[in-house]
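Residue numbers (the working numbering): 2 to 424. Glycine included, each C-beta is placed from N, C-alpha and C at the ideal position. Note that the coordinates shown come from a computational prediction; the quantities given were computed from them, not determined experimentally. Everything on this sheet refers to the single structure shown next.
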RNA sequence: GGAGAGAUGGCGGAGUGGUCGAUCGCGGCGGUCUUGAAAACCGUUGUACUGAAAGGUACCGGGGGUUCGAAUCCCUCUCUCUCCGCCA
């Protein structure tokens, strides 16, 4: 969430930038400003009364020690009325604070200067393109047919043991998955990211920390018996490592990577979007997470983009980078770049990575801070990106690399798969 | 699953109703000494809100209660640990 300080410093700017996200923040921001004035006054009164009570209590203690019972009793009676007043004001203060917090939670992150205006995915800006478009014959097969033909992925079996959206990878299909995971992790390690193997279920506090809760509750699988959530991405457990933490400036930047299975309910999805590997309830992903000093976060973002681009280049897939417009960005992001690969047999672009800078928005909720040279604590900037999500990479690889002889494995994966071609 | 113990500052660990935001030790920071370091000694050392500042307020797992006054008493929730059982 935004900090009160950010809002107080420049409310007009925030309102103007929120409009880029299609969010009318005028009412909320003004309300927050009003409530804040109210809060300060109320707190002052509360604190003064509390100070008075503390003093009186101390003096009663002193009287008791001196054995001046009667005087003490008199003072007690005096305290009662002040206490009542203080109680009412403290309650009012609590209400105001809760109201401010509720409104703050409802205000999305402010898109940074580089974010283009726009309402839908149509308005995203293609920033960069690379890779060769494959020349497939007319009878090229979509990945779900290829998966069946070469016995790589069994979707029906997944339906049998769990349900739709839970594919079963078999034989060389499973091996290829593992090769991709290894490849991505090794590349991240080479780029200086420390590998983390996180829990796949998290508690409520972690859900709040990264912003899945309270509003995106329905997106996560919930283990009712234990009050735990299945992670929708490794971002959740990994970023929450730094919840309620004050880092030293020399610990920054923090660069973590994690492989995890990801679980998403994806309620309401249907049709061609969910065919085959296009959208799953369980999928594999390697995530990169960074905690940065504010002045370094945009350079870090560029580095992350380059890293993801490098992966796609090595895989030899046609790709492009989209700079998301305000309306297509997530609630918590200050700027997001999506990476898409072209899935040739389906004839469509598939999102395989999303790289974002959250600036202090996430850190504020997480209370992830660092101590600068001046000993003051400041909020960190948090960033994350997929590097990469597997299923759509798998889909594109199968489709784009199909030949009459079989599916050709990209060079960079061969040392992991131990086979060059799936035939 | 059964039984028990516990949750205090970066860590360890005191504190069972009144100058306790909290003894002490370790660690950290600053200094003395030293060519430098170590050792020793001295000082310092949480977070947040509020205030121009001085200061004030809150926080001893969370929430509630008793009391003039709670880290300390009561209720409740959560979590952790130990032993037994089961088990990858």
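Checking 8 Å against the spacing of the C-beta atoms, do residue i and residue j come in under that value?
i, j, result
"residue 280", "residue 267", "yes"
"residue 53", "residue 90", "no"
"residue 443", "residue 351", "No statement about residue 443 is possible, as the shown extent of the chain runs from 2 to 424 and does not include it."
"residue 426", "residue 132", "Examination of residue 426 is not possible in this model, given that the chain is present from 2 through 424 alone."
"residue 219", "residue 204", "no"
"residue 12", "residue 34", "yes"
"residue 417", "residue 358", "no"
"residue 321", "residue 130", "yes"
"residue 7", "residue 15", "yes"
"residue 244", "residue 368", "yes"
"residue 146", "residue 171", "no"
"residue 390", "residue 342", "no"
"residue 182", "residue 260", "yes"
"residue 32", "residue 97", "no"
Check each candidate in the options and name the one with the smallest Cα separation from residue i.
i, options, result
"residue 79", "284, 88, 93, 57", "57"
"residue 310", "286, 356, 295", "356"
"residue 258", "205, 142, 387, 243", "387"
"residue 319", "394, 114, 251", "394"
"residue 242", "287, 263, 292", "292"
"residue 189", "172, 288, 370", "288"
"residue 249", "332, 93, 378, 50", "378"
"residue 175", "157, 197, 152, 165", "152"
"residue 208", "134, 240, 47", "240"
"residue 413", "187, 263, 264", "187"
"residue 76", "86, 62, 139", "62"
"residue 233", "247, 42, 213", "213"
"residue 335", "49, 216, 113, 323", "113"
"residue 360", "382, 354, 342, 369", "382"
"residue 1", "305, 118, 102", "Outside the shown range of the chain (2 to 424) lies residue 1, about which nothing can therefore be said."
"residue 371", "332, 161, 246, 302", "246"
"residue 202", "196, 223, 178", "223"
"residue 406", "256, 421, 384", "421"
"residue 345", "286, 384, 396", "396"
"residue 373", "26, 330, 316, 251", "251"
Using the three-state DSSP reduction, which class does residue i fall into: helix, strand or coil?
i, result
"residue 307", "helix"
"residue 1", "Any question about residue 1 goes unanswered here, given that the chain covers just 2 to 424."
"residue 79", "helix"
"residue 343", "strand"
"residue 426", "For the chain, the structure presents residues 2 to 424; residue 426 sits outside this window and is missing."
"residue 133", "coil"
"residue 391", "helix"
"residue 424", "coil"
"residue 244", "coil"
"residue 314", "helix"
"residue 188", "helix"
"residue 369", "strand"
"residue 213", "coil"
"residue 379", "strand"
"residue 418", "helix"
"residue 170", "strand"
"residue 108", "coil"
"residue 386", "strand"
"residue 204", "coil"
"residue 267", "coil"
"residue 249", "strand"
"residue 128", "strand"
Can you tell me where the beta strand (DSSP E) holding residue i begins and where it ends?
i, result
"residue 360", "349-360"
"residue 288", "283-293"
"residue 148", "Careful: residue 148 lies outside any beta strand (DSSP E), inside the alpha helix (DSSP H) at 144-150."
"residue 230", "229-231"
"residue 196", "195-197"
Starting from residue i and walking both ways along the alpha helix (DSSP H), at which residues does that stretch end?
i, result
"residue 14", "12-21"
"residue 116", "Element bounds for residue 116: n/a, residue is neither H nor E."
"residue 333", "From DSSP, residue 333 is part of no alpha helix (DSSP H); its letter is neither H nor E."
"residue 42", "27-66"
"residue 324", "Element bounds for residue 324: not the alpha helix (DSSP H) but the beta strand (DSSP E), 320-324."
"residue 407", "From DSSP, residue 407 is part of no alpha helix (DSSP H) but of the beta strand (DSSP E) over 407-409."
"residue 263", "That residue, residue 263, is in no alpha helix (DSSP H); its beta strand (DSSP E) goes 255-264."
"residue 158", "156-162"
With a CB to CB cut of under 6 Å and the five nearest residues on each side skipped, what residues in its chain are close to residue i?
i, result
"residue 347", "143"
"residue 4", "365"
"residue 159", "167, 168, 169"
"residue 200", "238"
"residue 180", "414, 417, 418"
"residue 398", "none"
"residue 134", "319"
Please return the same chain residues whose Cβ sits closer than 7 Å to the Cβ of residue i, not counting the five positions on each side in sequence.
i, result
"residue 23", "120, 327, 328"
"residue 211", "236, 237, 240, 241, 363"
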